[in-house]
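Contents: one structure, followed by commentary.
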Amino acid sequence: MVELKAYDEIAAQFSESRKQPRLPLVSWDIFAFHLQQTNATESDLHQLKSLADKNRWVFDFGELRDIEHDTTIVVTDPNVRIVFSTSNVVAMTGYEAKELIGQSPKMLQGEGTSGNTKATIREAVANLKPFEGIIVNYRKDGTPYDCKVRSFPIFNSKGVLSHFIAFENVA
475 MVELKAYDEI
485 AAQFSESRKQ
495 PRLPLVSWDI
505 FAFHLQQTNA
515 TESDLHQLKS
525 LADKNRWVFD
535 FGELRDIEHD
545 TTIVVTDPNV
555 RIVFSTSNVV
565 AMTGYEAKEL
575 IGQSPKMLQG
585 EGTSGNTKAT
595 IREAVANLKP
605 FEGIIVNYRK
615 DGTPYDCKVR
625 SFPIFNSKGV
635 LSHFIAFENV
645 A
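Residue numbers for the sequence shown follow this note's numbering, so the first one is 475 and each next one is one higher.
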């Protein structure tokens with residue numbers, strides 16, 4: 475038994491040195507889902523940071539600490555074409571992130587989308603101002619959902635518009 479205790483101690487030290495959580499064998503399915511989400515989020519944030527570095531964004535990434543795990547991040551170029559979306563967009567829209575690249579966010583709008591809200595968004599984009607509001611969007615299968623959007627222009631280190639970033643949640 476002493477040998478097993480020593481093994482457990484060494485295994486614990488090894489796990490701590492790798493900074494990986496212990497695997498809960500009883501609830502592996504729940505843990506695996508959480509681990510998959512965590513890895514996807516880390517990958518998304520790495521891609522976002524690479525995009526920011528490449529374009530020399532002036533942006534406080536500390537703000538990302540406060541976003542909820544179900545928040546989708548969408549980045550468009552100055553022509554409002556999607557260049558990046560977090561992988562969790564599929565849960566909200568039914569579209570995989572790669573399906574949205576090159577598209578306009580307008581593709582998610584439909585007959586129930588308020589003309590006033592669309593005009594407010596257009597005005598904010600044209601004037602390079604932040605926008606916050608709720609818009610009726612449509613999933614890939616055609617079902618509507620209320621989408622809470624917080625959008626901001628992103629400028630580069632020279633003060634030139636680089637992109638727009640939007641934080642979106644089902645309202």
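Beta carbons: idealized from backbone N, C-alpha and C, even for Gly.
These numbers were taken from a predicted model, which means no experiment stands behind them.
Is it true that the region 593–604 meets the region 566–577, where meeting means three or more beta-carbon pairs spaced less than 8 Å apart? no
At the level of alpha carbons, what is the spacing between Ile-646 and Met-581? Only positions 475 to 645 of the chain appear in the structure, and residue 646 is not among them; the question remains open.
What is the DSSP secondary structure of Phe-638, reduced to helix, strand or coil? strand
Applying the criterion that 16 or more other CB atoms from any shown protein chain within 10 Å of the CB defines a buried residue, is Pro-604 buried or exposed? exposed
May I ask you to list the residues that DSSP assigns as paired with Arg-624? Glu-606, Phe-641
Below 8 Å, how does it come out for the region 513–531 and the region 610–627: are there three or more Cβ pairs, yes or no? no
Grouping DSSP H, G and I as helix and E and B as strand, with all else coil, what is Phe-558? strand
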